[in-house]
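Everything on this sheet refers to the single structure shown next.
Residue numbers (my numbering): 1 to 622.
Encoded structure:
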């Protein structure tokens, strides 16, 4: 028999009790419970303080149940236990929590704590065997609801080990085991991935093309999470999602309003459909950063004039646009007020597409409120039909090429049957199921408080890095020396009185929670977009552009500067890979995969560059 390995999902519990090592009745009861849980095949992680418990919760997402001592740390006011419970629920509203207490303490448990826990354990009365059984049952229930619909069906299917008489030909990875190089491939990627590479013939998982079964349930689930009426799972990128929408909405010689800063896939769609583009031209600042389309260019009169002036529109032809597309956010992180864009385009067009490939996380943090396509409650939607396309692999956690296409039906909706013809034109009859499942899991990760916790962390880390850069830049400035800076406001208005403070000195909590700190206010020099309408556009905190010396504040080149490509090459040699490099800016993305303090290494590398540049180190040495 060929040796194979397949890692199965284990069960894990966290016990937070400062008496775990104590020679007391409570300590003995706690240790007995831990032994019972381990005897029931649960891995047990022990913590003896609320702080330690919080650290475990943050660092170990494989915890499936939490047991907390009500008198943690001898605290008769129960502040430590209550704080821990609130911390857990701020990140996960489904994980089962057991509160360990003595029956005489029941009267000290307030209603808000009761609402946060699932069960009570009377430490000195319930037997370890009984409690262990309750914990195992709760873990199993949790794991059943934890997995979203398609993922649950796939895990169940792959664990049934059915014989396969259909494609793909590697048959769950077996073919790779018959060849030396295939075995290396098998060992590298693992059996679970290869057993999950299935065929459309597997009816138990439904159909991506017909949107049935567990795949159809996944799309309904994703629609709820992302605030859409309908969602389509796309396995070959948002370039394809964009083409699906365009080809469903635009026919030959029909007018499409296109952001001039649109993705190449929109240009491809114009070629494929024969649609007529009317370009909406955005602003550009002194650094070459592409900004928003000014509101005045989205007004009915301006669009009417642009259509009249276009040599592409045939005389006597239809002059009402059937579709519009706006890139939100831009590559550099500029986000529109989506409500305002809809308001401006409403009199002109019935279908608005926000290409949000780099912005799939926006719905899950209030700092982006109203600045994304699926804003607000989908039940309240009126006006044009709105589309959003999300590259869930870019800044969420899906696998490469995963994309979600969201629709809120309004005026001139495209019926599913017609829309699905366009979808099938661009879809494969042999999709890679792990990509679909990664979309399912990504939606589940962002559902509930988890999405807020993940986005909070990435915003907080980006803010910390920006402020650290600002402080270092200021210190070098005092010494009349140069250093890099981040592209954001130099001052913000903080507090009720609107007191101006330096960005580097503002409260990190304020910067991570207050959208106004990131709004492009009219006339502010830092953004370079002039008297832009106040509140119309905001800089995304997690898209951090580092500016290198070389561009004058009022535009044009300084007498001296450092091309950004030189810094990018230096960082590459030190194992730091950037997202994008322009003439004098470098873009870094603080995604939900960021780890705390990771930016410290980047800051050190920037300081090293300054040291080597100032001493004119030979290129060969750096």
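Ideal placement from N, C-alpha and C gives every residue a C-beta, glycine not left out.
Query, Result
"Taking just the CA atoms, how far does residue 494 sit from residue 510?", "7 angstroms"
"On the criterion of 16 or more Cβ atoms from any shown chain inside 10 Å, does residue 184 qualify as buried, or is it exposed?", "exposed"
"Taking the alpha carbon of residue 440 as the reference point, which residue from 426, 469, 421 and 404 has its own alpha carbon closest?", "404"
"Which ranges does the beta strand (DSSP E) cover as unbroken runs of at least 3 residues, wholly within the region 530-593, from first to last along the chain?", "537-539, 543-547 and 585-589"
"If you measure between the beta carbons of residue 200 and residue 194, is that distance less than 9 angstroms?", "no"
"Hey, residue 226 and residue 388: beta-carbon distance below 9 angstroms or not?", "yes"
"If we call anything under 9 angstroms between Cβ atoms a contact, is residue 243 one with residue 207?", "no"
"Starting from residue 119 and walking both ways along the beta strand (DSSP E), at which residues does that stretch end?", "119-122"
"Please report the Cβ distance between residue 427 and residue 390, rounded to the nearest whole angstrom; I am assuming they are in contact, meaning their Cβ atoms lie under 8 angstroms.", "Wrong, their Cβ atoms sit about 17 angstroms apart, outside the cutoff."
"Could you please give me the residues that DSSP links to residue 259 through a beta bridge?", "280"
"Where does residue 87 fall in DSSP's three states?", "helix"
"Would you mind stating whether residue 266 and residue 303 have Cβ atoms separated by less than 9 angstroms?", "no"
"Looking at the strands, I want to know which residues DSSP matches up with residue 43.", "12"
"Mind checking residue 382: buried by the 16 CB within 10 Å criterion, or exposed?", "exposed"
"So, for residue 473: in the same chain, excluding its five sequence neighbours on each side, which residues have a beta-carbon less than 6 angstroms away from its beta-carbon?", "483 and 485"
"Check residue 363 in the structure and name its three-state DSSP category.", "helix"
"Restricting to Cα atoms, I'd like to know which of 516, 523, 546 and 45 is closest to residue 468.", "546"
"What beta strand (DSSP E) runs, 3 residues minimum, are completely inside the region 301-357?", "323-327, 334-336 and 351-355"
"Does the region 429-440 touch the region 393-403, meaning 3 or more C-beta pairs lie closer than 8 angstroms?", "yes"
"Tell me the residue span of the alpha helix (DSSP H) that contains residue 374.", "Neither: residue 374 is in no alpha helix (DSSP H) and is coded neither H nor E."
"Near residue 634, what residues of its chain come up, given a Cβ to Cβ distance below 6 angstroms and the 5 sequence neighbours on each side ignored?", "Coverage of the chain is limited to positions 1 through 622, which leaves residue 634 absent and any answer about it impossible."
"Kindly give me the distance between the Cβ atoms of residue 81 and residue 72, rounded to whole angstroms, as I take these residues to be in contact under 8 angstroms.", "5 angstroms"
"Does the separation of the CB atoms of residue 325 and residue 262 fall below 9 angstroms?", "yes"
"In whole angstroms, what is the alpha-carbon distance linking residue 33 and residue 197?", "41 angstroms"
"Give the DSSP-derived three-state secondary structure of residue 485 in the structure shown.", "strand"
"In terms of DSSP beta bridges, what is residue 231 paired with?", "406"
"Based on DSSP bridge pairs, tell me the residues matched to residue 499.", "494"
"Does residue 398 come out as helix, strand or coil in the three-state DSSP assignment?", "coil"
"Return the residue from the list 241, 150 and 276 that minimises the CA-CA distance to residue 253.", "276"
"How about the region 578-591 and the region 513-520: do they share at least three Cβ pairs that are nearer than 8 angstroms?", "no"
"What residue does the alpha helix (DSSP H) around residue 386 start on, and which one ends it?", "Here residue 386 belongs to no alpha helix (DSSP H); instead the beta strand (DSSP E) covers 385-390."
"Alpha helix (DSSP H) containing residue 622: first to last residue?", "Careful: residue 622 lies outside any alpha helix (DSSP H) and carries neither H nor E."
"Leaving out the 5 sequence neighbours to the left and right, which residues in its chain are closer than 7 angstroms to residue 154 when beta-carbon positions are compared?", "196, 205, 433 and 437"
"Going by Cα to Cα distance, which pick from 443, 452 and 531 is closest to residue 512?", "452"
"Taking the straight line between their C-alpha atoms, what separation do you get for residue 352 and residue 10?", "46 angstroms"
"Take residue 504 and list the residues in its own chain whose beta-carbon comes closer than 7 angstroms to its own, dropping the five residues that flank it on each side.", "467, 470, 471 and 474"
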